[in-house]
Amino acid sequence: MSSSDSEFGFLDEIETSADEYEPSSSSDSVEESVVPRVLKRKAPVDSRKWRAAVQKENIASGKSHITKKGMLIGPHKTGRDCKCKFGCFTKFTDAEKKNHLIKRFNAIGEKTKQDTYLLALISSRAALPPRRPLTQNPGNQRRRNFVNEYRIKNALGSNIRVCRKAFASLHGISVKRVELLAKLSNSGKTLSPTENRGKHHNRPRAIPSALTELVAYHIEGFPKEQSHYSRSDNSCKHYLSADLNVTKMYELFLEKYKDNQEAQRIKYDFYYRFFKANFNYGFGSPRTDTCQTCDSMQNELKNPDLVESRKNELITLKNVHLAKAQAFYDELKSFSKTAEETVDVDVLSFDYQQNLPLPHVPAGDVFYKRQLWVFNFCIHSAKTRKAYFFMYDEATGKKTPNEPISFLDYYFKNLMDKDVKTLYLFSDNCAAQNKNSTLLFFLNKTAEERKIKILHHYPEPGHSFLPCDRAFGQIEKKKRLKERVYTPEEYCKIVKQSSKSFEVIAVQQSAIFDYKSYYEQSFKKLTVNDRKVKFQISKLRKILYDGNGQVQCSTNHWMEPATVQSYKIKEKNMSSSSRSDIRLKQAYSSQLPIPSAKYADVMSLVKKYVPHSHHDYYDALLASQDTSAEPRPESEED
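UniProt numbering puts the first residue of the sequence shown at 1, with every later residue one more than the last.
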C-alpha cells in the first residue's frame with residue numbers, strides 16, 4: 001500500500017458484535033426552512049357534497065331520504081283534505097292536487113327559496129275589533145292582532161284563497177312551517193327568510209383559537225426541506241423527516257405540553273385534520289430523481305381531449321426515451337459481465353449515499369434540531385464485486401468536485417488492478433460531483449498517464465439506479481438496527497458489518513486535494529470544437545477518453561456518428577516557470593467550521609443525549625461566525 005494509506009485509513013480492524021445493535025428505525029434529519037402556513041394541501045371544500053347537505057336537498061326537492069336515525073321517509077305528496085266549510089280542496093282539480101302544485105313546489109329544490117315562494121302567497125292585515133267583546137273578564141280575552149290570508153296559484157295562474165290547513169296539505173308541508181312563515185309575514189319581513197339552524201354560538205366543545213395556534217406553532221417547529229430536483233414545479237410542497245408521521249407528531253405534542261392542561265384537550269382526530277387542512281407537508285425523502293420526461297409525457301397522454309396524431313407521437317417519443325434509459329442498464333450489465341471474464345477490463349460505478357446524521361438518537365428533540373452530516377462516497381467494482389466507502393464528516397470536507405476526484409485517484413493508484421486497460425465508468429448526472437469540467441480534465445489526464453481508455457456513461461435523468469444504490473440499501477437496513485450512533489467511527493462499523501464485500505476508508509482532510517483550482521490554472525475551458533459546436537456537458541450521455549488529448553462526446557447511448565463531437569483538451573499558454581509553479585495543493589488547510597446555528601443545535605443534543613465518553617469528538621468541532629444558512633445539497637443537472 002502506498003504512502004497515502006496514512007491519509008485514507010482502511011478500517012479492516014473494525015470488529016463489531018451483534019450485541020451492539022438494538023431495534024430501531026432509521027433517522028435522516030432534514031433541513032429547517034421557514035414556510036408560511038397558508039400553503040394548504042387540501043382542495044377547496046365543496047359543502048354541497050356533504051352528506052347533511054345532500055339530505056337537505058333531497059328533503060327540499062321532495063325526494064325520499066333516510067334520517068339520521070335510519071328511518072326511510074317517502075317523497076313529498078299532497079296531504080289530507082282540510083274538510084273546512086270553504087271547501088278548499090274542491091277548488092282544485094285532481095291533476096292540480098296530485099301533480100301540478102306539488103311538483104312546482106318541489107322543483108324549487110331549496111328550503112330558503114321555497115320559504116320565499118310561500119311567503120309571497122301569505123298576506124297579513126290588522127284584525128278588526130270584535131263585535132261583542134266579553135266584559136266580564138277582559139284579562140282572559142284572546143284577541144288576534146293580525147289576520148292571515150293564504151292563496152295558491154292554480155294551473156291557470158289564478159290566486160285561489162284557501163285555509164291554512166289546505167295551504168299546508170296542498171304543498172306537502174307541515175302546519176308548523178306555515179305558522180312560522182305567517183309570523184314572519186305579521187312582523188313585516190317580506191324579504192327572503194334566512195336559514196338560522198345550526199348557526200348559534202353556544203359551542204362548549206369548540207377548540208379555542210389559542211390552542212389551534214399552539215398546534216400550528218408545534219407543526220411549524222419541525223425541520224423541513226424541499227425536493228431538490230423539482231422545486232420549480234413543486235415549490236409549495238415540503239417534506240418532514242422519514243421517521244415522522246402524524247401519530248408521532250401528536251405524541252410529541254402531548255409530551256412537549258404535558259404541563260399544559262388546555263393543550264391536553266387536543267385529540268388526535270383534531271390534530272390530524274388540522275395538519276391535513278393547513279400544511280402541505282409530506283414525510284420522508286421525496287423521489288427527487290424522477291424522470292421529468294416520463295412524467296410530462298405520461299401526464300399529456302392522460303388528457304382525454306388529446307388528438308390521435310399527437311397521442312401516437314407521444315407514445316413513439318416515450319418508447320424511444322425508455323429505450324435510451326434501458327440502453328444504459330444493458331451496457332452496465334454487459335460490461336460488468338465482460339469485466340468479470342476479462343483481465344484488462346473493469347467497470348466502476350460511484351455515487352454519494354444520503355447524508356448520515358449525528359448524533360442519531362431516538363428522541364423527539366432530534367426532529368426539531370439540525371444535525372451534523374457524515375458523508376459516504378461509494379465506488380463499486382463489477383470486476384471484484386467489492387464496494388469501497390470513503391467516509392468523512394462535514395468538518396473534514398464538503399461535497400465539491402474535489403472530494404470524488406480525490407477518492408477516484410486513490411482508487412486508481414492503490415486499488416484498481418494494474419492490468420486494466422479499458423475502464424467503464426457509470427454515475428448519475430449530478431453536476432457538482434459527477435458531471436463537470438474538473439472531472440473531465442482529471443479523467444483525460446488519467447487516460448494519458450496510465451495509457452488506458454476510459455468511457456464514462458451517464459443515464460437518462462430519473463433512470464439512474466446503480467450498484468451503489470443496492471449497497472446503500474444494505475447499509476440502511478443495518479442502520480435501522482442501531483438505535484444510537486454518536487460518532488463517524490460507529491457509522492463506519494455499521495457499513496463494515498453490512499456486507500463482507502464492503503471496505504471502509506476513513507478519510508483524513510490531508511487526502512482531499514484542490515483539483516478544481518489546479519485544472520483551472522492548467523487547462524483552457526472547453527467552449528467549441530473545430531466544427532464550431534458548443535460544448536454542453538449537461539446534455540452528454542457518453543464521454544470517451546482515449547489518452548490522446550481529445551475527448552469524444554455523444555448525446556446518446558449508441559455513440560452514433562451524427563451525435564459524436566470531438567473536443568481537444570488544450571493547456572493554457574504560459575511560460576515554463578509559470579507552469580512549474582502550478583502545483584496540486586490540499587483543498588483545506590484546517591478543520592472546517594460548522595454553521596453557528598447548526599453548531600448550537602448539535603451541541604444542545606450532545607449535552608442531553610451523548611455519553612461523556614464521546615464528548616471529545618464534539619468538543620473538537622468549530623463554530624462558524626457566519627450566520628447565513630448552510631448550503632443546500634447539489635442537484636442533478638438535466
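In this text, a Cβ means the ideal position worked out from N, Cα and C, and glycines have one as well.
Can you find the residues in the same chain that come closer than 6 Å, C-beta to C-beta, to Pro23, ignoring five residues on each side of it along the sequence?
Reliability of the predicted coordinates at Pro23 is poor, the pLDDT of 34 falling under 50, and no value is obtained from them.
For Ile405, count neighbouring C-beta atoms within 10 Å of its own C-beta (all shown protein chains included) and say buried if the count is 16 or more, exposed if not.
It counts as buried.
Could I get the ranges of all uninterrupted alpha helix (DSSP H) runs contained in the segment 82-118, with 4 residues as the minimum, in chain order?
Segments of the alpha helix (DSSP H) lying fully in the segment 82-118: 101-106.
Evaluate Ala382 with the Cβ neighbour count: other Cβ atoms within 10 Å of its Cβ, from every protein chain shown; 16 or more gives buried, anything less gives exposed.
Result: buried.
Which residue wins for smallest C-alpha separation from Tyr368, given the options Phe335, Gln474, Lys256 and Thr400?
Looking at the Cα atoms, Lys256 is the closest of the given residues.
Which one of His171, Lys302 and His321 has the shortest CA to CA distance from Trp558?
Measuring from the Cα of Trp558, the nearest candidate turns out to be His321.
Measuring alpha carbon to alpha carbon, tell me which of Cys430, Ala511, Ile315 and Ala323 ends up nearest Ser410.
According to the sequence provided, residue 410 is Tyr. The question's Ser does not apply to it. Among Cys430, Ala511, Ile315 and Ala323, the Cα nearest to that of Tyr410 belongs to Ala511.
What are the uninterrupted segments assigned as beta strand (DSSP E) that are 3 or more residues long and contained completely in the segment 327-380, given in chain order?
List check, beta strand (DSSP E) in window: 345-352 and 356-358.
Please report the straight-line C-alpha distance between Phe114 and Arg151, rounded to a whole angstrom.
This sequence places Gln at residue 114; Phe is not what is there. When rounded, the distance between both Cα atoms is 15 Å.
Around the Cβ of Leu455, are there at least 16 other Cβ atoms within 10 angstroms (buried) or fewer (exposed)?
When all chains shown are included, Leu455 counts as buried.
What separation, rounded to the nearest whole angstrom, lies between the Cα atoms of Lys453 and Met416?
One C-alpha to the other measures close to 14 Å.
Along the chain, where does the beta strand (DSSP E) that runs through Val162 open and close?
Counting along the chain, the beta strand (DSSP E) containing Val162 begins and ends at Asn159 to Val162.
Taking the Cβ atom as the reference point for each residue, do Glu340 and Leu372 lie within a distance shorter than 8 Å?
For Glu340 and Leu372, no; Cβs fall outside 8 Å.
Three-state secondary structure (DSSP) at Glu483?
In this structure, Glu483 counts as coil in the three-state DSSP scheme.
Scan the segment 529-603 and note each continuous alpha helix (DSSP H) run of 4 residues or more that stays entirely inside, going in chain order.
576-581, all fully within the segment 529-603.
From Phe270 to Leu214, what distance separates their C-alpha atoms?
Taking the straight line from one Cα to the other gives about 13 Å.
Using beta-carbon positions only, say whether His457 and Leu481 come within less than 8 Å of one another.
Result no, Cβ atoms of His457 and Leu481 do not sit closer than 8 Å.
Does the Cβ of Arg579 have 16 or more other Cβ atoms within 10 Å, making it buried, or fewer, making it exposed?
Its Cβ having fewer than 16 others within 10 Å, Arg579 is exposed.
Take Leu181 and list the residues in its own chain whose beta-carbon comes closer than 7 Å to its own, dropping the five residues that flank it on each side.
Here the set comprises Asp115, Leu118, Leu119 and Ile122.
Could you please give me the residues that DSSP links to residue 648 through a beta bridge?
Absent from the model: residue 648. The displayed extent of the chain is 1 to 638, so no value can be given.
Give the DSSP-derived three-state secondary structure of Cys294 in the structure shown.
Here Cys294 sits in helix by DSSP.
Per DSSP, residue 648 forms a beta bridge with which residues?
The structure shown does not extend to residue 648, since the chain spans only 1 to 638, so no value can be given for it.
Which one of Arg164, Tyr518 and Lys418 has the shortest CA to CA distance from Lys83?
Of Arg164, Tyr518 and Lys418, the residue nearest in Cα terms is Arg164.
Assign Gln261 to one of two classes, buried (16 or more other C-beta atoms within 10 Å of its C-beta) or exposed (fewer than that).
Result: exposed.
For Val504, which option in Glu489, Tyr515 and Ser517 has the closest C-alpha, if you only look at C-alpha atoms?
It is Glu489 whose Cα lies nearest to the Cα of Val504.
How far does the alpha helix (DSSP H) with Ile59 in it extend, from its first residue to its last?
Taken as a continuous stretch (DSSP letters only), the alpha helix (DSSP H) holding Ile59 covers Arg51 to Ala60.
Going by the CB atoms, is the gap between Phe502 and Phe389 shorter than 8 Å?
Yes, they are a contact pair.
How many Å lie between Val528 and Lys568 at the Cα?
Roughly 9 Å between the two C-alpha positions.
Where Ala206 and Met71 are concerned, what is the direct C-alpha to C-alpha distance, given to the nearest angstrom?
Cα to Cα, Ala206 sits roughly 30 Å from Met71.
Does the beta-carbon of Ala587 have 16 or more other beta-carbons within 10 angstroms, so that it is buried, or is it exposed?
Ala587 is buried by the Cβ-count criterion.
Are the Cβ atoms of Gly87 and Pro75 separated by less than 8 Å?
Their beta carbons are not under 8 Å apart, which means Gly87 does not touch Pro75 by this criterion.
Helix, strand or coil for Asp428? Go by DSSP, reduced to three states.
Asp428: coil per DSSP, three-state reduction.
Contact check, Ile494 vs Lys479 under 8 Å by CB: the rounded distance?
Indeed they touch by this definition, with Cβ atoms about 6 Å apart.
Work out the CA separation of Tyr272 and Arg470 for me, nearest whole Å.
Between Arg470 and Tyr272, the C-alpha separation is close to 35 Å.
Taking Arg80 and Ser169 to be in contact with their CB atoms under 8 Å, please state how far apart those CB atoms are, rounded to whole angstroms.
About 6 Å; that satisfies the 8 Å criterion.
Quick one: grab the DSSP three-state call for His456.
Reduced to three states, the DSSP call for His456 is strand.
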